[in-house]
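Participant:
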Amino acid sequence: MIRRKDRVCPVEMAGALDIGIRKCFQNPEKILSPLIRTGMTVLDFGCGPGFFTLAMARLVGPSGKVIAADLQDGMLDIVRNKVRGLDIENRVLFHQCPENALDVREKVDFVLAFYIMHEHPDPTSVFKEVAAILNPGGCILIVEPPFHVSRKAFAKTVNDAESQGFALAGSPRVFMGMTAMMKR
Numbered sequence: 086m087i088r089r090k091d092r093v094c095p096v097e098m099a100g101a102l103d104i105g106i107r108k109c110f111q112n113p114e115k116i117l118s119p120l121i122r123t124g125m126t127v128l129d130f131g132c133g134p135g136f137f138t139l140a141m142a143r144l145v146g147p148s149g150k151v152i153a154a155d156l157q158d159g160m161l162d163i164v165r166n167k168v169r170g171l172d173i174e175n176r177v178l179f180h181q182c183p184e185n186a187l188d189v190r191e192k193v194d195f196v197l198a199f200y201i202m203h204e205h206p207d208p209t210s211v212f213k214e215v216a217a218i219l220n221p222g223g224c225i226l227i228v229e230p231p232f233h234v235s236r237k238a239f240a241k242t243v244n245d246a247e248s249q250g251f252a253l254a255g256s257p258r259v260f261m262g263m264t265a266m267m268k269r
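Residue numbering for the sequence shown follows my numbering, starting at 86 and increasing by one per position.
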């Protein structure tokens, strides 16, 4: 998979992804609390400015951890600054993905791929990497924006996941999101 930086939301647009009003429509705790439990290791894939990262860190509790992964170090810097000095700071690990891979080695229980899969030219390779790090019983929640991704393209993303051994386990409701909960 080759991921080019010109296909991703630039750091300069991070503020648009992280506005307070968004929590009224896409509340991270409401979306993620049925999926994340204390003690889990979770991956916020394409974390951007950390809109979901902080909620994930609270949900995993003191015994869990969150891997905040992004292609752009500038996005990771934003998240680093957000968690600095908070009681969740030691729960968040930072991982800068290379342009051609996810490249996470740690086993995880849950992966969030929120508004990110459409930015990858080869989703199948992403799902292959996720399958390799996902613990038994783990799942990936894929959420794609209907204003960037057609239903046909979303169906192809789900098919790409299925080609790597994932099965559709539900479609949680998310405002402005086409969703697929995929389990191995």
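We put the beta carbon where it would ideally sit given N, CA and C, even for glycine.
Keep in mind the model is a prediction, meaning the values are calculated, not measured.
1) Within the stretch 211-258, note down every full alpha helix (DSSP H) run reaching 4 residues or more, in order along the chain.
2) What first and last residue would you give for the beta strand (DSSP E) that runs through M266?
3) Here's the rule I'm using: 16 or more other beta-carbon atoms within 10 Å means buried, otherwise exposed. How should G239 be labelled?
4) Do the CB positions of N284 and D188 come within less than 7 Å of each other?
5) Comparing C-alpha positions only, which one of S248, V243, D245 and E204 sits nearest to H34?
6) Which of the three DSSP states is assigned to A198 in this structure?
7) Apply the 10 Å Cβ neighbour rule to R236 and answer buried if 16 or more other Cβ atoms are within range, or exposed otherwise.
8) Entirely within the stretch 126-201 and at least 3 residues each: give me those beta strand (DSSP E) ranges in chain order.
Facilitator: Answer, in terms of the structure:
1) For the stretch 211-258, whole alpha helix (DSSP H) runs of length 4 or above, ordered along the chain, are 236-247.
2) Reading the sequence shown from its first residue, position 181 is the one you call residue 266. For M266, the uninterrupted beta strand (DSSP E) segment begins and ends at M263 to K268.
3) Mapped onto the sequence shown, residue 239 falls at position 154. Note on identity: in this sequence residue 239 is Phe, with Gly being the wrong assignment. F239 should be labelled buried.
4) This structure cannot speak to residue 284, because the chain is shown only from 86 to 269.
5) Any question about residue 34 goes unanswered here, given that the chain covers just 86 to 269.
6) To locate residue 198, count along the sequence shown from 1; it is residue 113. Three-state result, A198: strand.
7) Within the sequence shown, the letter at position 151 stands for residue 236. Counting Cβ neighbours within 10 Å, R236 comes out exposed, since fewer than 16 surround it.
8) Listed in chain order, they are 126-130, 150-155, 177-181 and 193-199.
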